[in-house]
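J.: Following numbering that gives the first Met the number 0, the numbering of the sequence shown begins with 0 at its first residue and continues without gaps. Note that the Cβ used here is the ideal one computed from N, Cα and C, for glycine as well. Dropping the structure in here first, questions after.
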Amino acid sequence: MDFTFTENQEMIRETFRRFADKELTREYVRWLDENCDYPPDDLRAKLAEIGYFGIGVPEEYGGVGSGTMEMCIVAEELATASVAVAIGMGVVYLGGTRPLSEFGSEEQKQRYLPEIVSGEKKWSFALTEPAGGTDILGAIATTARRDGDEYVISGSKIFISGAHVADYILTIAITDKEAERKNGLSVFIVDAKSEGVSVSLIPKLGIHACGTCEVHYDDVRVPAENLVGKENVGWYQLLSTLNPERIATSMLSLGIAKAAFKDALQYSKDRKAFGKPIGQFQIIQNYLADIAIEIENARNLIYKCSWLCDTGQRYDVEATMAKIVACRASEKAALMGMEILGGYGFTMEYDMQRHFRDYKQMMFSPISDEMSKNYIAQSYGLPRSY
Ligand SMILES: Cc1cc2nc3c(=O)[nH]c(=O)nc-3n(C[C@H](O)[C@H](O)[C@H](O)COP(=O)(O)OP(=O)(O)OC[C@H]3O[C@@H](n4cnc5c(N)ncnc54)[C@H](O)[C@@H]3O)c2cc1C
């Protein structure tokens with residue numbers, strides 16, 4: 000078994016590590032958290048310059064190809080520096096790059112992919128509805144009715160990351176009310192400026208620099224050519240986006256865990272009590288060792304999932320496990336990190352409070368731990384519990 004990255008993957012890691020060191024400094028990331036609801040245009044332009052948005056886009060549309068492994072390498076570097084930036088940029092991949100590359104028509108690929116690669120256009124991904132995210136097939140109520148050369152979309156979405164700045168919102172709606180739900184959904188490209196689309200930000204606890212929104216569709220007319228893939232098979236198309244999303248979100252949690260670990264480790268070396276650095280006390284060393292173990296564990300599982308995905312093997316169960324393992328690592332790092340920093344952890348002067356706020360979002364998004372465990376248990380032949 001060979002755990003080494005290819006030369007190209009090492010080069011990608013180095014490029015994004017250098018980018019993160021230079022552009023996502025501690026001060027800048029704090030400023031983003033306090034002042035921004037989305038990564039600013041100049042930052043996005045710099046990311047476009049080093050090829051971020053080309054990852055996963057076929058070369059004929061201006062991209063650099065590459066697979067889930069490369070996306071994970073980049074996500075690890077960005078999320079360790081700023082999880083908000085990693086999410087903000089990641090939704091462009093999940094809402095635009097991946098579905099268009101896989102299921103888009105030739106016209107859609109030619110029209111939309113180059114604009115994504117250049118960093119010009121922003122995308123978001125709208126699946127979750129107010130009645131529930133876990134039971135999305137039971138909760139979804141947004142409809143798209145065919146009317147001549149158009150579809151008319153009506154309904155509401157909630158918790159949509161980056162929709163307030165998106166140029167396009169990839170929207171999932173019911174196109175066949177009579178069919179079993181998973182056989183009656185379709186995916187649409189909705190121009191966010193269309194008449195009838197309204198978006199509002201939802202105030203939230205963490206990951207401030209990537210806003211989350213409510214989106215309302217009030218009889219929004221969308222050209223029929225904006226259907227992505229085939230009508231009524233949207234659910235099956237989505238699964239190929241949602242499974243890589245689990246790998247990617249695991250990497251986001253890992254980034255938070257690594258950032259919290261780094262801060263806690265440094266503090267344990269700097270802070271003194273009883274004439275010694277607190278990192279000399281066995282319990283503090285145990286805290287740090289426990290976090291390090293969970294980080295290593297999560298990282299290995301995430302990269303294994305990327306490899307399974309890129310080599311065309313089944314990875315849905317492993318990706319669901321990775322999501323839980325990485326979330327737990329971020330939780331442990333944030334909680335233990337707060338312990339290690341003592342009172343200073345609770346102040347806004349240190350970044351541990353941000354890691355502590357940020358990790359929580361990843362616990363239930365895109366899938367909760369409870370539902371993840373249902374899925375894992377079922378994969379071993381146990382009956383569905385719900
Ligand atoms: C900040 C943020 C950003 C997000 N970004 C996006 C986005 O960009 N696009 C998008 O489409 N969605 C997005 N989401 C939505 C996210 O995917 C959902 O929040 C998630 O699917 C959970 O749905 P819910 O919040 O409605 O919780 P619910 O489904 O209401 O679940 C509530 C609780 O019940 C538990 N539960 C439900 N069913 C079961 C069961 N069968 N067994 C055991 N426990 C169960 C859950 O685990 C959870 O603990 C985002 C959410 C947040 C908070």
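Output the distance between the C-alpha atoms of residue 262 and residue 362, rounded to the nearest integer angstrom.
T.: If you number the sequence shown from 1, residue 262 lands on position 263. If you number the sequence shown from 1, residue 362 lands on position 363. Answer to the nearest angstrom: the Cα atoms are 21 Å apart.
J.: Kindly give me the distance between the Cβ atoms of residue 338 and residue 286, rounded to whole angstroms, as I take these residues to be in contact under 8 Å.
T.: Taking the first residue of the sequence shown as position 1, residue 338 is located at position 339. Taking the first residue of the sequence shown as position 1, residue 286 is located at position 287. Sure, about 6 Å apart at Cβ, within 8 Å.
J.: Would you say residue 139 and residue 94 are within 9 Å of each other, going by their C-beta atoms?
T.: In the sequence shown, counting from the first residue as 1, residue 139 sits at position 140. In the sequence shown, counting from the first residue as 1, residue 94 sits at position 95. Result no, Cβ atoms of residue 139 and residue 94 do not sit closer than 9 Å.
J.: Name the one or two DSSP bridge partners that residue 397 has.
T.: Outside the modelled stretch of the chain, which goes from 0 to 385, sits residue 397, for which no answer is possible.
J.: Please state whether DSSP places residue 177 in a helix, a strand or coil.
T.: Here residue 177 is taken as the residue at index 178 of the sequence shown, counted from 1. In this structure, residue 177 counts as coil in the three-state DSSP scheme.
J.: Might you give, ordered along the chain, the residues of its own chain that have their beta carbon closer than 8 Å to the beta carbon of residue 113, omitting 5 neighbours on each side?
T.: As a position in the sequence shown, residue 113 is number 114, starting the count at 1. 60 and 61, listed in sequence order.
J.: Take residue 386 and list the residues in its own chain whose beta-carbon comes closer than 7 Å to its own, dropping the five residues that flank it on each side.
T.: Lying outside 0 to 385, the shown extent of the chain, residue 386 is not represented and no answer is given.
J.: Measure the alpha-carbon distance for residue 177 versus residue 133 and round it to whole angstroms.
T.: Position 178 of the sequence shown, counting from 1, holds the residue named residue 177. Position 134 of the sequence shown, counting from 1, holds the residue named residue 133. Cα-Cα distance, rounded: 22 Å.
J.: What are the start and end residues of the beta strand (DSSP E) that includes residue 219?
T.: To locate residue 219, count along the sequence shown from 1; it is residue 220. Start and end: 211-222.
J.: Inspect the beta-carbon positions of residue 116 and residue 218 and report whether they are closer than 9 Å.
T.: As a position in the sequence shown, residue 116 is number 117, starting the count at 1. As a position in the sequence shown, residue 218 is number 219, starting the count at 1. Contact flag unset, no.
J.: Residue 221: which of 76, 144 and 85 sits nearest, CA to CA?
T.: As a working mapping, residue 221 is identified with position 222 in the sequence shown. Nearest C-alpha to residue 221: 144.
J.: Can you list, in chain order, the residues of its chain with a C-beta nearer than 8 Å to that of residue 359? Leave out the 5 residues immediately preceding and following it.
T.: As a first step, residue 359 is located in the sequence shown; it is residue number 360 there, counting from the start. Leaving aside the five residues that flank residue 359 on each side, the residues in its chain whose CB is nearer than 8 Å to its CB run, in chain order, 204 and 205.
J.: Under three-state DSSP, which class holds residue 406?
T.: The first residue shown for the chain is 0 and the last is 385, placing residue 406 beyond what the model contains.
J.: Would you call the segment 96-106 in contact with the segment 39-49, where contact means no fewer than 3 C-beta pairs closer than 8 Å?
T.: No, the segment 96-106 does not touch the segment 39-49.
J.: Are the beta-carbon atoms belonging to residue 171 and residue 237 less than 9 Å from one another?
T.: For the purposes of this step, residue 171 is identified with residue 172 of the sequence shown, where counting begins at 1. For the purposes of this step, residue 237 is identified with residue 238 of the sequence shown, where counting begins at 1. For residue 171 and residue 237, yes; Cβs fall inside 9 Å.
J.: How close, in whole Å, do the beta carbons of residue 301 and residue 325 come, if the pair is a contact with beta carbons under 8 Å?
T.: For the purposes of this step, residue 301 is taken as the residue at position 302 of the sequence shown. For the purposes of this step, residue 325 is taken as the residue at position 326 of the sequence shown. Right, their Cβ atoms sit about 6 Å apart.
J.: Relative to the C-alpha of residue 239, which residue among 344, 348, 278 and 98 is closest?
T.: Indexing the sequence shown from 1 puts residue 239 at position 240. The residue with the shortest Cα to Cα distance from residue 239 is 98.
J.: In the DSSP assignment, what residue or residues form a beta bridge with residue 144?
T.: If you number the sequence shown from 1, residue 144 lands on position 145. In the DSSP output, where bridge partners are listed per residue, residue 144 has 151.
J.: Considering only C-alpha positions, which residue in the set 123, 245 and 55 is nearest to residue 166?
T.: Working through the sequence shown from its first residue, we reach residue 166 at position 167. The candidate whose alpha carbon is nearest that of residue 166 is 123.
J.: Taking only three categories from DSSP, how would you classify residue 23?
T.: As a first step, residue 23 must be located in the sequence shown, where it is residue number 24. Three-state DSSP puts residue 23 in coil, outside helix and strand.
J.: Measuring alpha carbon to alpha carbon, tell me which residue in 157, 336 and 216 is nearest residue 288.
T.: Start at 1 with the first residue of the sequence shown, and residue 288 comes out as number 289. When each option's Cα is compared against that of residue 288, the closest is 336.
J.: With DSSP as the reference, label residue 190 as helix, strand or coil.
T.: Against the sequence shown, residue 190 aligns to sequence position 191. Here residue 190 carries a strand assignment [DSSP, helix/strand/coil].
J.: Checking 9 Å against the spacing of the C-beta atoms, do residue 32 and residue 353 come in under that value?
T.: Taking the first residue of the sequence shown as position 1, residue 32 is located at position 33. Taking the first residue of the sequence shown as position 1, residue 353 is located at position 354. The answer is yes: Cβ separation under 9 Å.
J.: Can you give the Cα-Cα distance for residue 256 and residue 148, rounded to whole angstroms?
T.: Numbered from 1 along the sequence shown, position 257 holds the residue referred to as residue 256. Numbered from 1 along the sequence shown, position 149 holds the residue referred to as residue 148. Using only the alpha carbons, I get a separation of about 49 Å.
J.: Rounded to whole angstroms, how far is the Cβ of residue 244 from the Cβ of residue 365, which I believe are closer than 8 Å?
T.: For the purposes of this step, residue 244 is identified with residue 245 of the sequence shown, where counting begins at 1. For the purposes of this step, residue 365 is identified with residue 366 of the sequence shown, where counting begins at 1. The beta carbons of residue 244 and residue 365 sit about 5 Å from each other, so the pair counts as a contact at 8 Å.
J.: Could you tell me whether the Cβ atoms of residue 187 and residue 225 are closer together than 9 Å?
T.: Position 188 of the sequence shown, counted from the first residue, corresponds to residue 187. Position 226 of the sequence shown, counted from the first residue, corresponds to residue 225. In this structure, residue 225 lies closer than 9 Å to residue 187 by Cβ.
J.: Closest by CA to residue 309, which one among 2, 66 and 372?
T.: Here residue 309 corresponds to residue number 310 of the sequence shown, with the count starting at 1. Checked all of 2, 66 and 372; the closest Cα to residue 309 is 66.
J.: Pick helix, strand or coil for residue 229, following the three-state DSSP scheme.
T.: Against the sequence shown, residue 229 aligns to sequence position 230. In this structure, residue 229 counts as coil in the three-state DSSP scheme.
J.: Would you say the beta carbon of residue 368 comes nearer than 8 Å to a heavy atom of ligand 1?
T.: What you label residue 368 is simply residue 369 of the sequence shown in a count that begins at 1. Yes.
J.: What do you reckon, is the C-beta of residue 157 under 8 Å from a heavy atom of ligand 2?
T.: Ligand 2 is absent from the structure shown, which contains only ligand 1.
J.: Closer than 6 Å by C-beta to residue 422: which residues in its own chain qualify, once you throw out the five before and the five after it? Chain order, please.
T.: Any property of residue 422 remains undetermined from this structure, which presents the chain solely from 0 to 385.
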